[in-house]
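Comments concern the structure below.
Numbering (my numbering), first residue to last: 5 to 368.
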């Protein structure tokens, strides 16, 4: 690729290329004698460019200045952000993360759209019946909705989509995030700051004194935050949050380990959504065989879709929980449609490949 060799033009052209390719992240990696550049596209890292003329220190200092970081500090990781625009003058936020490694400072840029346009429910990849359950539960005036899955599984996108559907002048919506990824109009967004003691628990306690209708907690990480979220859900607030568990029913075990009783779960929990992201087959070149790629895609894939497992609290699940049934028995009793089953239906529909299903979820 041809790149002008001034640092500002170099970074600008790399960023514009990343946006054009729908990359979520740009990795600048210092290697002996070269600077390696990789893009994360649809969850996969690809080599893009190796530069011997632009050095890692030049690039790092430029990006630190843009993000208002300390250019003299090279021993500690740093984080910052700054606004950019693409060729169509659309707004993006560039989140900057530095990390001191063997051959210099590695820099990762996360590119976040900042136009206020969140995915609609139709773009999440929910099945029709899942869409109905999702909409029904976010329309409830109170209760807890949890999105669960590993890092990079699309939990934040699902949360933001729910908030966009709920956003109105008649509601006071407040979020607690780490960090704020997308700015949402008419929504009060709070960034946690552990350095000054402003963690999820303290922020949630303060928000409950702000007359909220809907609260989004970026992640339930500890016992105190879990108990506060449950309390908020039981006292007239709709609470949305995330956990890191492998599937929906494992979230019940995780909450129990955090000191939440079965009675509290029954009285507060509305819905748990477990999810993964899988690369979609390119509609231009997909075949019955494993895709190989064309001018429109990378190796036969273009874009991603969600794979979902929805656990909805109802009279049956409430009774099973109160009777002490383990999560795996509850899943079996209610014939829970699993992540694997939802993914397999997308394989059969030609939306994703079998290999991609196994990569996203693992073996059955």
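Just so it is clear, CB atoms sit at the ideal spot from N, CA and C, and this is done for glycine as well.
Sheet register partners of residue i (DSSP bridge)
i: residue 105; result: 108
i: residue 195; result: 181
i: residue 243; result: 148 and 219
i: residue 280; result: 311
i: residue 84; result: 100
i: residue 305; result: 285 and 302
i: residue 55; result: 39
i: residue 363; result: Paired residues: none, contrary to the question.
i: residue 29; result: 44 and 114
i: residue 316; result: 275
i: residue 95; result: 89
i: residue 202; result: 197
Check: residue i C-beta below 7 Å from any heavy atom of the ligand GDP
i: residue 78; result: With respect to the ligand GDP, the structure shown offers nothing to examine, as it has no ligands at all.
Nearest neighbour of residue i, chosen from the options [CA to CA]
i: residue 351; options: 310, 143, 331 and 141; result: 310
i: residue 220; options: 199, 259 and 168; result: 168
i: residue 212; options: 235, 193 and 107; result: 235
i: residue 267; options: 64, 43 and 317; result: 317
i: residue 77; options: 243, 97, 104 and 99; result: 104
i: residue 328; options: 188, 30, 270 and 47; result: 270
i: residue 45; options: 31, 315 and 322; result: 31
i: residue 129; options: 363, 342 and 280; result: 280
i: residue 35; options: 74, 191, 102 and 110; result: 110
i: residue 124; options: 59, 118, 135 and 116; result: 135
i: residue 3; options: 361, 334 and 303; result: Given a span of 5 to 368 for the chain in the structure shown, any question on residue 3 remains unanswerable.
i: residue 187; options: 307, 95 and 260; result: 95
i: residue 222; options: 196, 257 and 265; result: 196
i: residue 127; options: 115, 106 and 166; result: 166
i: residue 4; options: 71, 139 and 189; result: Because the chain in this structure spans residues 5 to 368, residue 4 falls outside the shown range and cannot be described.
i: residue 248; options: 101, 170 and 224; result: 224
Residues of its chain near residue i, where Cβ-Cβ distance is below 8 Å and the 5 sequence neighbours each way are ignored
i: residue 358; result: 351
i: residue 178; result: 191, 192, 193, 194, 211, 214, 216, 218, 219 and 220
i: residue 141; result: 147, 149, 274, 275 and 316
i: residue 4; result: The displayed coordinates of the chain run from 5 to 368. Any statement about residue 4 would go beyond what the structure contains.
i: residue 241; result: 146, 212, 216, 217, 218 and 219
i: residue 137; result: 275, 314 and 316
i: residue 326; result: 266, 267 and 270
i: residue 253; result: 276, 315, 331, 332, 334, 335 and 340
i: residue 139; result: 125 and 169
Straight-line Cα distance separating residue j from residue i
i: residue 87; j: residue 176; result: 27 Å
i: residue 144; j: residue 277; result: 16 Å
i: residue 286; j: residue 262; result: 43 Å
i: residue 98; j: residue 113; result: 6 Å
i: residue 210; j: residue 181; result: 14 Å
i: residue 251; j: residue 57; result: 47 Å
i: residue 41; j: residue 162; result: 29 Å
i: residue 354; j: residue 337; result: 30 Å
i: residue 208; j: residue 232; result: 7 Å
i: residue 255; j: residue 272; result: 14 Å
i: residue 38; j: residue 173; result: 53 Å
i: residue 289; j: residue 47; result: 20 Å
i: residue 43; j: residue 360; result: 19 Å
i: residue 344; j: residue 324; result: 24 Å
i: residue 16; j: residue 29; result: 14 Å
i: residue 117; j: residue 184; result: 12 Å
i: residue 321; j: residue 301; result: 43 Å
i: residue 292; j: residue 307; result: Reliability fails at residue 292, whose pLDDT of 46 lies under 50, so the model's placement of it is uncertain and no value is given.
i: residue 258; j: residue 367; result: 23 Å
i: residue 108; j: residue 60; result: 7 Å
i: residue 349; j: residue 132; result: 13 Å
i: residue 264; j: residue 239; result: 16 Å
i: residue 100; j: residue 115; result: 9 Å
i: residue 319; j: residue 157; result: 30 Å
i: residue 102; j: residue 71; result: 11 Å
Proximal residues to residue i (C-beta, below 6 Å), its chain only, five neighbours per side dropped
i: residue 159; result: 151, 153 and 246
i: residue 11; result: 62 and 66
i: residue 243; result: 148, 219, 233, 236 and 237
i: residue 155; result: none
i: residue 33; result: 40 and 110
i: residue 73; result: 82 and 84
i: residue 297; result: 303 and 304
Residues near residue i in its chain [Cβ-Cβ closer than 7 Å; skip 5 each side]
i: residue 330; result: none
i: residue 75; result: 65, 68 and 69
i: residue 4; result: Residue coverage of the chain in this structure runs from 5 to 368, which leaves residue 4 outside it and unanswerable.
i: residue 18; result: 30 and 41
i: residue 170; result: 142, 177 and 218
Chain B within 8 Å of residue i, Cβ atoms only
i: residue 251; result: Going by chain labels, chain B is absent from the structure shown, which holds only one protein chain.
- Message: Does the structure place the segment 189–207 close enough to the segment 218–228 that three or more beta carbon pairs sit under 8 Å?
- Response: yes
ask   = Is the segment 74–91 touching the segment 19–26, taking contact as three or more C-beta pairs under 8 Å?
value = yes
Checklist entry - Do three or more CB pairs link the segment 70–83 to the segment 43–59 at distances below 8 Å? => result no
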